[in-house]
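In the working numbering, the protein residues as written are 613 to 844.
Quick reminder that beta carbons are idealized off the backbone N, C-alpha and C, glycines included.
Keep in mind that this is a model prediction, so the values were computed, not measured.
Input: a single structure, listed below in structure tokens.
Encoded structure:
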């Protein structure tokens, strides 16, 4: 299939190679762009250098890419997934990786260790009450620094050659402007994105595990089952 993947402008990384691995072709469409808040990035880096945090939690690869090269020291570091961990590792930071791709698993992963700890979280200007309230509920101290904003591009996504569209976040779905043929396969990268799609009356054909590769595996299972139905 030819898949349109929602990505921040210029942040498609190695999507094409990973799609080919699972027998698909993909290209990026950008409903959002990132606006880096340099003053808050500097403030966060200074706080890390001053040993103000017991732990850092990177919820995506973008803040890891922005912040990691500016650090000369760091406490315990947690990455939401392997791509984020890989980005941190590129700059010499050895990060632990959550067992799933969801920030809601951050608190269960750390367990009782989190009590009384200051957790530095550089992330997008998007609310995440489940994460913040979860840290507080077990006695942790979340320090959330919104180091970048997500700005809708206002561009109508080009789906003219796409067989499927893969929404990589709830916000990319919510802000996307597009006209799609009814036959186009609609894919949510994970449960949170799928829930927002359903709330807007769009039922995803495929819901992944929160990662691109896991979602492509699920897509292939969906396509195999669909082909079996056609053959029957």
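Which word fits residue 636, buried or exposed, when buried means at least 16 other C-beta atoms lie within 10 angstroms of its C-beta? buried
Of the listed residues 714, 756, 785, nearest to residue 744 (C-alpha basis): 756
Start and end of the alpha helix (DSSP H) containing residue 681? Where residue 681 is concerned, there is no enclosing alpha helix (DSSP H), given that its DSSP letter is neither H nor E.
Exposed or buried, what is residue 845 when buried is set at 16 or more other beta-carbons lying within 10 Å of its beta-carbon? The requested residue 845 is not part of the displayed model; the chain covers only 613 to 844.
Provide the residue(s) that pair with residue 769 in DSSP beta bridges, ordered along the chain. 790
Going by Cα to Cα distance, which pick from 746, 686, 701 is closest to residue 582? The question about residue 582 has no answer, for the chain in this structure spans 613 to 844.
Are the segment 760-780 and the segment 789-808 touching, with three or more C-beta to C-beta distances below 8 Å? yes
Do residue 652 and residue 758 have their C-beta atoms within less than 8 Å of each other? yes
Buried or exposed: which applies to residue 812, given that a residue is buried once 16 or more other Cβ atoms fall within 10 Å of its Cβ? exposed
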